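Enquirer: This is the structure I want to talk about, given as structure tokens.
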Amino acid sequence: MTNAAGFLLLILPWFPRQFPLVRQIKPNIRLLPQLVAVSLALFLAAHALLFRLHLPSRYTGHSFRMVMSLAGAIALIILIDSAWRFWQPRWAVAVTGLMAAGVLFYPLFVEDFPITSYKVGTAGPLYEFFQKQPTDSLIASLSDEADNLPSFAARSILVGREYAIPYHLGYYREFQKRVSEQLIAQYSSNPADLESFIHKYNVDFWLLRPQELTLDFLAGDRWLQQYGSAAQTAQTGLKNGNLPALQQKITDCLVFQFQDLVVLEANCTAQPVEK
Numbered sequence: 040m041t042n043a044a045g046f047l048l049l050i051l052p053w054f055p056r057q058f059p060l061v062r063q064i065k066p067n068i069r070l071l072p073q074l075v076a077v078s079l080a081l082f083l084a085a086h087a088l089l090f091r092l093h094l095p096s097r098y099t100g101h102s103f104r105m106v107m108s109l110a111g112a113i114a115l116i117i118l119i120d121s122a123w124r125f126w127q128p129r130w131a132v133a134v135t136g137l138m139a140a141g142v143l144f145y146p147l148f149v150e151d152f153p154i155t156s157y158k159v160g161t162a163g164p165l166y167e168f169f170q171k172q173p174t175d176s177l178i179a180s181l182s183d184e185a186d187n188l189p190s191f192a193a194r195s196i197l198v199g200r201e202y203a204i205p206y207h208l209g210y211y212r213e214f215q216k217r218v219s220e221q222l223i224a225q226y227s228s229n230p231a232d233l234e235s236f237i238h239k240y241n242v243d244f245w246l247l248r249p250q251e252l253t254l255d256f257l258a259g260d261r262w263l264q265q266y267g268s269a270a271q272t273a274q275t276g277l278k279n280g281n282l283p284a285l286q287q288k289i290t291d292c293l294v295f296q297f298q299d300l301v302v303l304e305a306n307c308t309a310q311p312v313e314k
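Here the working numbering = 1-based position in the sequence shown + 39.
Right, dumping it as structure tokens:
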């Protein structure tokens, strides 16, 4: 609500008679559009120099929130002042008080206020385990929990759902290739496919939930189904009753478990399955 009110600051100055307080806006207000312009310029530069200037959203996510919060506050004060002047004296206090109360107390009726979009890690022991591993460790996983590992465990992952963003074709083609190859390796019944994938990308650990190796999970995962031919190949194998080689190595290659998440030593999973 308050952030959306920031757009009113673009309109109110055009009506100084109805909103007299706009005349008190100082020239320094230009700092707000300047901040927006700089943020957009850096956003575009970060796209052009992808990852050399970090993620593009770094330059707009926080600055836009600050601009909209400040602009919204200014706009609401202008509206409250106008209401005070417009209404008859007996109504001025009531109307102004009602508007002020709405601004002050509406957060009580908003779930999870303030809305920060912060991610909260819930697998502390898992993060601690990976933090103890060499810093150059690479983790392969198609689980949603993998998205949290770079931030909370400070370890690299091969792919993550959160990073499936088509910044440009070069980035997304490589990302799509990695996911497709990992899909095939994860659901293949042939240990040679696992070995080839692990050696190609120098994977150290495999993170998954055992239930992710089932046909029901794969068929119901909309994100994985985007990777058409790879997902179809994996599903066909499961439909034919082929047990993924990775599933057969969970007991032998398990190095850590937290709730339903298991961590497997990658090189161990590539060894031939014992009959």
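For glycine and all other residues, C-beta sits at the position ideal for the given N, C-alpha and C. If you're wondering where the values come from, they're calculated on a predicted model, not measured in any experiment.
1) If you drop the 5 nearest sequence neighbours on each side, which residues of the same chain put their C-beta closer than 8 angstroms to that of Ser121?
2) How many whole angstroms separate the CB atoms of Lys278 and Leu254, which I take to be in contact at a CB cut-off of 8 angstroms?
3) How close, in whole Å, do the beta carbons of Ser182 and Leu252 come, if the pair is a contact with beta carbons under 8 angstroms?
4) Have a look at Gly209 and Leu137 and give me their C-alpha separation to the nearest angstrom.
5) Since Tyr166 contacts Val218 with CB under 8 angstroms, what's their CB separation in whole angstroms?
6) Helix, strand or coil: which one does DSSP assign to Ile196?
7) Under 8 angstroms by Cβ, that's how I've got Ile223 and Ala258 pegged, so tell me the actual separation to the nearest angstrom.
8) Rounding to the nearest angstrom, what Cα-Cα distance links Arg69 and His86 in this structure?
9) Assuming Ala284 and Ser228 form a contact by the criterion Cβ under 8 angstroms, report the distance between their Cβ atoms to the nearest whole angstrom.
10) Please report the distance separating the alpha-carbon of Ala76 from that of Phe82.
11) Residue range of the beta strand (DSSP E) that Ala179 falls in?
12) What distance in whole Å lies between the Cβ atoms of Ala140 and Ala44, which are believed to be in contact at a cut-off of 8 angstroms?
13) Kindly list the residues whose CB is nearer than 8 angstroms to the CB of Glu184, restricted to its own chain and excluding five residues on each side of it in sequence; keep chain order.
14) Give, in chain order, every unbroken run of the beta strand (DSSP E) that is at least 3 residues long and sits entirely within the segment 245-309.
15) Going by C-alpha distance, which of Tyr202, Gln298, Lys65, Gln286 is nearest His93?
16) Does DSSP put Phe58 in a helix, a strand or coil?
17) With DSSP as the reference, identify every bridge partner of His93, one or two as the case may be.
18) Of all the options Ala231, Phe152, Phe244, Glu220, which has the alpha carbon lying nearest to the alpha carbon of Thr174?
19) Just verifying my parser: in three-state terms, what is the DSSP assignment at Lys216?
Expert: Judging by the given coordinates:
1) Looking up residue 121 in the sequence shown gives position 82. Excluding positions up to five away in sequence, the list reads Gln57, Phe58, Pro59, Leu60.
2) Your numbering for residue 278 matches position 239 in the sequence shown. Your numbering for residue 254 matches position 215 in the sequence shown. About 6 angstroms; that satisfies the 8 angstroms criterion.
3) Here residue 182 refers to the residue found at position 143 when the sequence shown is read from its first residue. Here residue 252 refers to the residue found at position 213 when the sequence shown is read from its first residue. Not confirmed; about 11 angstroms, so no contact.
4) The sequence position of residue 209 within the sequence shown is 170, counting from 1. The sequence position of residue 137 within the sequence shown is 98, counting from 1. So the alpha carbons of these two residues sit roughly 54 angstroms apart.
5) For this step, residue 166 is matched to residue 127 along the sequence shown. For this step, residue 218 is matched to residue 179 along the sequence shown. Incorrect: roughly 23 angstroms between the Cβ atoms, too far for contact.
6) Translated into the one-based positions of the sequence shown, residue 196 becomes position 157. Of the three classes helix, strand and coil, the one that applies to Ile196 here is strand, per DSSP.
7) Mapped onto the sequence shown, residue 223 falls at position 184. Mapped onto the sequence shown, residue 258 falls at position 219. Between Ala258 and Ile223 the Cβ distance is about 16 angstroms, and since that is not below 8 angstroms, they are no contact.
8) Counting from 1 along the sequence shown, the entry for residue 69 is found at position 30. Counting from 1 along the sequence shown, the entry for residue 86 is found at position 47. The alpha-carbon atoms of Arg69 and His86 are separated by roughly 26 angstroms.
9) Indexing the sequence shown from 1 puts residue 284 at position 245. Indexing the sequence shown from 1 puts residue 228 at position 189. Confirmed, Cβ separation roughly 6 angstroms.
10) Here residue 76 is taken as the residue at index 37 of the sequence shown, counted from 1. Here residue 82 is taken as the residue at index 43 of the sequence shown, counted from 1. Spanning the two alpha carbons is a distance of roughly 10 angstroms.
11) Position 140 of the sequence shown, counted from the start, is the residue given in the question as residue 179. Unbroken beta strand (DSSP E) run through Ala179: 177-180.
12) Along the sequence shown, one-based indexing puts residue 44 at 5. Along the sequence shown, one-based indexing puts residue 140 at 101. Incorrect: roughly 16 angstroms between the Cβ atoms, too far for contact.
13) Along the sequence shown, read from residue 1 onward, the residue named residue 184 stands at position 145. Cβ within range, chain order: Ala162, Leu165, Leu246, Leu300.
14) 293-297, 300-304
15) Here residue 93 refers to the residue found at position 54 when the sequence shown is read from its first residue. Taking only the C-alpha atoms, the option nearest His93 is Tyr202.
16) Sequence index remark: in the sequence shown, residue 58 carries index 19 (1-based). The answer is coil: DSSP assigns Phe58 none of H, G, I, E or B.
17) Along the sequence shown, read from residue 1 onward, the residue named residue 93 stands at position 54. The partner list for His93 (beta bridge, DSSP) reads Phe90.
18) Stepping through the sequence shown from its first residue, residue 174 is reached at position 135. Comparing Cα positions, the closest option is Phe244.
19) On the sequence shown, residue 216 is found 177 positions in, with the first residue counted as 1. The answer is helix: DSSP assigns Lys216 an H, G or I state.
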